[in-house]
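Residue 208 is where the sequence shown starts when you use the working numbering, and the numbers rise one by one after that.
Yeah, the Cβ is synthetic: ideal placement off N, Cα and C, and Gly gets one too.
As structure tokens, the structure follows; a few thoughts come after it.
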Amino acid sequence: MSEVSNIKLNDGNEIPQLGFGTFQIEPENTAEAVSQALEIGYRHIDTAEMYGNEKEVGEAIRNSGLDRGDIFVTSKLNNSFHDPDGAREAFDKTLSDLGIEYVDLFLIHWPLPTRYDGDFVSTWQVMEEFHDDGRARSIGVSNFQPDHLDQLAAKTGTVPAVNQIEVHPYFTNDAVREYGQEHGIATEAWSPIAQGGVLDDDTITQIAEKVGKSTAQVVLRWHLQRGDIIFPKSVTPERMKDNFDLFDFELDSDDMEQITALDQGEDGRTGPHPDKFDFIPS
Ligand code: NDP
Numbered sequence: 208m209s210e211v212s213n214i215k216l217n218d219g220n221e222i223p224q225l226g227f228g229t230f231q232i233e234p235e236n237t238a239e240a241v242s243q244a245l246e247i248g249y250r251h252i253d254t255a256e257m258y259g260n261e262k263e264v265g266e267a268i269r270n271s272g273l274d275r276g277d278i279f280v281t282s283k284l285n286n287s288f289h290d291p292d293g294a295r296e297a298f299d300k301t302l303s304d305l306g307i308e309y310v311d312l313f314l315i316h317w318p319l320p321t322r323y324d325g326d327f328v329s330t331w332q333v334m335e336e337f338h339d340d341g342r343a344r345s346i347g348v349s350n351f352q353p354d355h356l357d358q359l360a361a362k363t364g365t366v367p368a369v370n371q372i373e374v375h376p377y378f379t380n381d382a383v384r385e386y387g388q389e390h391g392i393a394t395e396a397w398s399p400i401a402q403g404g405v406l407d408d409d410t411i412t413q414i415a416e417k418v419g420k421s422t423a424q425v426v427l428r429w430h431l432q433r434g435d436i437i438f439p440k441s442v443t444p445e446r447m448k449d450n451f452d453l454f455d456f457e458l459d460s461d462d463m464e465q466i467t468a469l470d471q472g473e474d475g476r477t478g479p480h481p482d483k484f485d486f487i488p489s
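This is the structure we're talking about:
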């Protein structure tokens, strides 16, 4: 039985704090992986047009036998579609590929401040349309820095419900998290175990031995206790189960502080810097 707690978003909707990520799951493996995740008990799936597997995510949801309302589905607007008409077409396609009438959460995947004349505000205004017409129950952003969020706040009436950003023990990204806390924007932590890069860390290994859990479980638990939303990815059933089994232990404040102190600042970042990332798929 799932003991996953919900986080209340600034629009009143609730999101399960623990979900399942689907980045880098090949389309041919996606339906099986998502089906296994749903069987284990995950009720929150994070996908994106960029991942090329929305159809297969939808297939697993349809075949699960679960009510649509019991699964929280997130997808994201790809970088090619920031202009308003492109965004409208891309969102129609996302819903049609997923085979569902609404997503629980739709995000602008990257701000791309060096593209589209630096204009992500008009993209956000189209996201507001999707929210208003009920096809995106919640809307948010991903990889937005505080100054990007300031621009949305100055020029639009909707505060993003979430900001999905890179966060893990080697890159705690606290300035962006703190901005979110101050403005009612929930933080979703992507690559929560740094794609495996933090799992051999000595400090984390020692804590894992002490609490009798795997290093992945310790790191995921650290995120949950910090209040962030996470969706670790795995195609390995044992790991999928381990990553969902986070609710029968607790890290004490000393463990929490030791893990947080592993932060390496910008050196710990594994992905691109949002101010510079400008990739537009052809
Ligand atoms: P994660 O930090 O979730 O790590 C995934 C990797 O760790 C895989 O190689 C997986 O291997 C391995 N792994 C998973 N669980 C364990 C475990 N218990 N023990 C050992 N190894 C394990 O990385 P992701 O980058 O996938 O991030 C999670 C999700 O965040 C993504 O799937 C996506 O939904 C989202 N994301 C969003 C981004 C954005 O720009 N908005 C960017 C990146 C990610 P294996 O699968 O072989 O088991």
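Between the CA atoms of residue j and residue i - distance to the nearest angstrom
i	j	result
E256	D409	37 Å
E445	Q358	43 Å
A343	T254	14 Å
G347	A294	14 Å
M208	L273	With a pLDDT of only 42 at M208, under 50, the local geometry of the prediction cannot be trusted, and the value read off the model is given with reservation. The straight-line gap from Cα to Cα measures roughly 15 Å.
E336	M447	36 Å
R275	V328	31 Å
G325	D485	11 Å
I497	F298	The shown model of the chain, from 208 to 489, leaves out residue 497, and the question about it has no answer.
H355	P481	10 Å
A267	Q402	24 Å
P495	A238	Given that the chain is displayed from residue 208 to residue 489, the structure contains no residue 495 and the question cannot be resolved.
I278	E221	11 Å
Contact check, residue i vs residue j, beta carbons under 8 Å
i	j	result
S345	A368	yes
I400	L431	no
F438	E210	no
L284	I315	yes
G265	L305	yes
G248	K440	no
D435	T394	yes
P488	N286	yes
D470	T379	yes
Segment limits, alpha helix (DSSP H) that includes residue i
i	result
A423	422-433
F230	Run containing F230: none; DSSP gives neither H nor E here.
T410	409-418
Q465	460-467
L302	291-305
I268	261-270
F451	444-451
Residue i Cβ short of 7 Å to the ligand FAD heavy atom set
i	result
W397	This structure lacks the ligand FAD; the ligands present are the ligand NDP.
Cβ-Cβ separation, residue j to residue i (assumed contact under 8 Å), whole Å
i	j	result
G391	N370	G391 to N370, Cβ: 11 Å. No contact.
V405	P376	5 Å
L302	V310	7 Å
D449	A423	6 Å
In DSSP terms, what residue i is bridged to
i	result
L319	Its beta-bridge partners do not exist; DSSP assigns none.
G343	Looking at the sequence shown, residue 343 is not Gly but Ala. A343 is bridged to V310.
T394	N370
P223	N213
H375	F378
V348	I315, N370
S282	F313
Residue span of the beta strand (DSSP E) that contains residue i, given as start and end
i	result
Q438	Checking the sequence shown, residue 438 turns out to be Phe, not Gln. Note, F438: premise wrong, no beta strand (DSSP E); not H, not E.
H355	Element bounds for H355: not the beta strand (DSSP E) but the alpha helix (DSSP H), 353-362.
F288	F288 -> no beta strand (DSSP E), and no H or E assigned at all.
I278	Per DSSP, I278 belongs to no beta strand (DSSP E) and is neither H nor E.
H251	251-253
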